[in-house]
Amino acid sequence: MELLIFYPIAGLCVALALGVILNTSPVGSAMCLIGMMLGLAGIFVLQQAHFIAVLQVIIYAGAIMVLFMFVIMLLNLKQAASADWVSRDKNLYITILTSALAIGILYKIVDVTFMADLDSPAELPDTFGTVATVGESLFTDFVLPFEVASLLLLAAMIGAVVLAKPKLD
Amino acid sequence: MDWITEFLDELWDFIVQSLADNIPLIVGSVKAVVIAVAVMSVVPFLVWLERRLMGRFQVRLGPNRVGPFGFGQPMADTIKLLFKESIIQTSADKFLFHLAPAVVVFTAIVAFAVIPFGAPFEIFGQNIELWGANINSGILFVFAISGMGIYGMVIAGLSSNNKYSLMGGLRSSAQMISYELTLGLSALSIILLTGSLSLVDMVKAQETVPFILIQPLAFLLFFIAGVAETNRAPFDLPEAEQELVAGFHTEYTGMKFAMFFMGEYINMVTMSALVTLLFLGGWNSYGIPVWPIVSFAAKVVFLLCVFIWLRSTFPRIRYDRLMTFGWKVLLPLCLLNLLITGTIKVM
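Heads up: the sequence lines are chains L and Z, in that order.
Just so we're aligned: the first sequence equals residues 1 to 169 in the working numbering.
Just so we're aligned: the second sequence equals residues 1001 to 1347 in the working numbering.
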């Protein structure tokens, strides 16, 4: 029963992810990305992680993608869709850096998948995925990554304000 | 003919058995349909109520020709809108243009799935709970879905290929993002008090005293943000007629135009229900002997009347004032309220 729901969602996610990179119009890409985020939320629900699913919708599909749409609206990329969108400058260093990161993440995912014992799935505790459990592990086991991430976000926010300030004044 | 009766008998047994096995599933689907239909049928009533009340507020009669007390007016309007020619300008993005009103109505109805509207009761040995779903993060679900509703306006503004629509879409989404913060932060003090994100638990926590008496500031902030979130007057900037024609739905005609308003009215009901659940004690009636569901409905209808009352009382706020008000007045007040609530809770 779970697989019956999982496969359509997973297929849709992959199709929409392809749609993000293959689409010629920025609006279409953004819409595909929103759809994919919602699909991911569906997969989280299947994993009994309702809280994470709701957060996925609020933060990624909601807040972040609305800002993407804002940028598209303000720059009015629609007219420039055909020419500039495809042939943008390619920076070699950034390409190498992102590829290395992507390969690293993929390696980790494959590694974890092969290490997992699929024949005897672990029983989930009743409190799995609730707000209390997520909050507890966030502030005990993962407190350092959590603080580093919040510092990074703060730095990015200040950077954005500094960059925008001269234009506002 | 024996095999036919035998087959029918077997089929009957199979149907009865599968029905008996899947009672929770059947109850769930029936509830989903009933909630969706009920939410949608509130809209014509609300349109009628708003027009009649607005008429009285402005010392005129309001619609009173179609049916008793003008009750048939929404029906007549719907028929007119259904038969209106649907116009789509050639420069519009067809797919997105059709998608936008659907997104608005869909998200508005889905948000109602987690709203509990009465205490659970027992019938035919089945425990019927008067809510679509009691997920452990109910209030976050409502915020998430109302966040998705922004896309309806954004897409409408983008796909119309019209300056007014674009500006309207931009304004309404900026407004909704800004006031969502206030909405979430003022709800956070209630979450602090109950220690749960579930709306059912919040109502249960108010059995003796409604939270409006404990958190009057949070109530005020939540209600103001709620009015802004539903794009109602005095915060109906997205559709400021003098500046933007009709905002993001300038290019829409007929039923697609009406769907945006359907979404707005359903959001109004959802917001009233949320305020009732968070601050007015939900279905608790505090000694007045009425059914829980009547108590809940009475509070929601009262809040809807307040929405209409606000619209006919206040002039529209200028756009920059609206954003300043949201970010420099409401948000700091929210944080202050949260700080005080947290301090008291810890001590």
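Yeah, the Cβ is synthetic: ideal placement off N, Cα and C, and Gly gets one too.
Counted within 10 angstroms of its Cβ, other Cβ atoms place residue i as buried (16 or more) or exposed
i                  : result
PRO145 of chain L  : exposed
ILE1115 of chain Z : buried
TYR107 of chain L  : exposed
THR127 of chain L  : exposed
GLU123 of chain L  : exposed
ASN1337 of chain Z : buried
MET157 of chain L  : exposed
MET37 of chain L   : buried
THR1250 of chain Z : buried
MET115 of chain L  : exposed
GLY1169 of chain Z : buried
ILE103 of chain L  : exposed
ILE109 of chain L  : exposed
ILE1145 of chain Z : buried
LEU1061 of chain Z : exposed
TRP1291 of chain Z : exposed
LYS1345 of chain Z : exposed
ARG1321 of chain Z : exposed
PRO1074 of chain Z : buried
ARG1052 of chain Z : buried
THR1005 of chain Z : exposed
PHE1314 of chain Z : exposed
TRP1309 of chain Z : exposed
ALA160 of chain L  : exposed
ALA1174 of chain Z : buried
MET952 of chain Z  : A query on residue 952 of chain Z cannot be resolved here, the shown segment of chain Z reaching from 1001 to 1347 and no further.
VAL1030 of chain Z : exposed
GLU1180 of chain Z : buried
ALA155 of chain L  : exposed
ALA149 of chain L  : exposed
Test item: CB-CB of residue i and residue j under 7 Å
i                  : j                  : result
LEU1304 of chain Z : SER1272 of chain Z : yes
ILE1155 of chain Z : LEU1237 of chain Z : no
ASN1161 of chain Z : SER1086 of chain Z : no
ILE1367 of chain Z : ALA1108 of chain Z : This structure leaves residue 1367 of chain Z out entirely; chain Z is present only between 1001 and 1347.
ASN1231 of chain Z : SER1172 of chain Z : yes
ILE1088 of chain Z : PHE1095 of chain Z : no
LEU1082 of chain Z : MET1255 of chain Z : yes
ILE1035 of chain Z : PHE1141 of chain Z : no
ILE72 of chain L   : VAL27 of chain L   : yes
LEU33 of chain L   : VAL45 of chain L   : no
GLY1118 of chain Z : PHE1296 of chain Z : yes
ILE1191 of chain Z : PHE1211 of chain Z : no
VAL1358 of chain Z : GLY1263 of chain Z : Coverage of chain Z is limited to positions 1001 through 1347, which leaves residue 1358 of chain Z absent and any answer about it impossible.
MET69 of chain L   : ALA30 of chain L   : yes
LEU16 of chain L   : GLY35 of chain L   : yes
ARG1318 of chain Z : PRO1234 of chain Z : no
ASN1064 of chain Z : GLY1070 of chain Z : yes
LYS1299 of chain Z : LEU1280 of chain Z : yes
PHE1248 of chain Z : GLY1147 of chain Z : no
PHE51 of chain L   : SER1137 of chain Z : yes
ALA49 of chain L   : GLY135 of chain L  : no
GLY39 of chain L   : LEU18 of chain L   : no
ILE9 of chain L    : ILE43 of chain L   : yes
MET1054 of chain Z : SER1312 of chain Z : yes
LYS1084 of chain Z : THR1324 of chain Z : no
VAL1245 of chain Z : TYR1151 of chain Z : no
ASP1093 of chain Z : SER1159 of chain Z : yes
Contact test: residue i Cβ vs the ligand FMN heavy atom, cutoff 6 Å
i                  : result
GLN1089 of chain Z : Inclusion of the ligand FMN in the displayed structure is not the case, the ligand content being empty and no account of it being possible.
Decide if the stretch 1175-1187 of chain Z is in contact with the stretch 1323-1340 of chain Z; the criterion is three or more beta carbon pairs, one per stretch, under 8 Å apart. Contact between the stretch 1175-1187 of chain Z and the stretch 1323-1340 of chain Z is present, because at least three Cβ pairs lie under 8 Å.
Report yes or no: do the stretch 62-69 of chain L and the stretch 1196-1206 of chain Z share at least 3 C-beta pairs separated by less than 8 Å? The stretch 62-69 of chain L makes no contact with the stretch 1196-1206 of chain Z; the number of CB pairs closer than 8 Å stays below 3.
Runs of 3 residues minimum, wholly inside the stretch 31-82 of chain L: which ones carry the beta strand (DSSP E) assignment? Counting only runs of 3 or more, we get nothing.
Identify every run of the alpha helix (DSSP H) within the stretch 1033-1091 of chain Z, keeping only runs that are complete inside it and at least 4 residues long; order them along the chain. Whole alpha helix (DSSP H) segments, 4+ residues: 1073-1083.
Any chance the stretch 1007-1022 of chain Z sits against the stretch 1268-1288 of chain Z, with 3 or more Cβ pairs inside 8 Å? No, because fewer than three Cβ pairs between the stretch 1007-1022 of chain Z and the stretch 1268-1288 of chain Z fall closer than 8 Å, the two stretches do not touch.
At which residue ranges does the stretch 1239-1284 of chain Z contain complete alpha helix (DSSP H) runs of 4 or more residues, listed in the order of the chain? Taking 4 residues as the minimum length, the alpha helix (DSSP H) runs contained wholly in the stretch 1239-1284 of chain Z are 1241-1244, 1254-1279, in order along the chain.
In chain order, which alpha helix (DSSP H) runs of at least 4 residues are fully inside the stretch 81-165 of chain L? If you keep only unbroken alpha helix (DSSP H) runs of at least 4 residues inside the stretch 81-165 of chain L, you get 81-84, 92-115, 131-139.
Counting only runs of 4+ residues fully inside the stretch 1190-1248 of chain Z, write out the alpha helix (DSSP H) ranges in chain order. Here the runs fully enclosed are 1199-1204, 1211-1214, 1216-1229, 1241-1244.
Counting only runs of 4+ residues fully inside the stretch 1310-1336 of chain Z, write out the alpha helix (DSSP H) ranges in chain order. 1319-1324, all fully within the stretch 1310-1336 of chain Z.
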